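Notes for the one structure printed next.
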Amino acid sequence: MQVMEDSSMGSTEESGTPMRKETVYEKVNLLVSSNAVVIFTISGCSMCHVVKQLLFGLGVGPTIMELDRDACGRDIHRLLFQQQPVPAVFVGGKFLGGIETVVACHINGTLIPLLKEAGALWL
Ligand SMILES: *[C@@H]1O[C@H](CO)[C@@H](O)[C@H](O)[C@H]1NC(C)=O
1 MQVMEDSSMG STEESGTPMR KETVYEKVNL LVSSNAVVIF TISGCSMCHV VKQLLFGLGV
61 GPTIMELDRD ACGRDIHRLL FQQQPVPAVF VGGKFLGGIE TVVACHINGT LIPLLKEAGA
121 LWL
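Take 1 as the starting number for the sequence shown in the UniProt record's numbering and just add one per residue.
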């Protein structure tokens, strides 16, 4: 049987050079400023699922950045999401918050106006 360890010994960074911090910030900025609603998620995160369902239920089609699936997601995760838990929701180019904030805004009636203002909802 082939011993696989030998071939991977020298290459811990298999995806090539990690992106520079500035490049990652630029990418995130571009992503959140060119989409009305962006959710940063990781797979298997139940609160990510909840926030997606809440927005889908309101008729919003959010842009979903899966940090553990997207090609540059790992760099984004490494640089920006060490402290900030997922889901992280951006509306109209601004960081809104996590699940608690989104639910709280939904309950106090500020979420829908915010979504309308961002152009994520028309009705
Ligand atoms: C609604 O809830 C959010 C999140 O807790 C809070 O930031 C905001 O100030 C609240 N707005 C009103 C009008 O209560």
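Every residue, glycine too, gets a C-beta built ideally from N, C-alpha and C. None of the values given here were measured: they were computed from a predicted structure.
Check, Outcome
"Residue 119 versus residue 19 - alpha carbon distance", "31 Å"
"Under the three-state DSSP convention, the category residue 99 falls into", "helix"
"Contact set, ligand 1 heavy atom to C-beta under 6 Å", "101, 104, 105, 108 and 110"
"Inter-stretch contact at 8 Å, needing at least 3 Cβ pairs: the stretch 79-99 / the stretch 46-55", "yes"
"Sufficient close CB pairs (3 or more, under 8 Å) joining the stretch 61-73 to the stretch 34-43", "yes"
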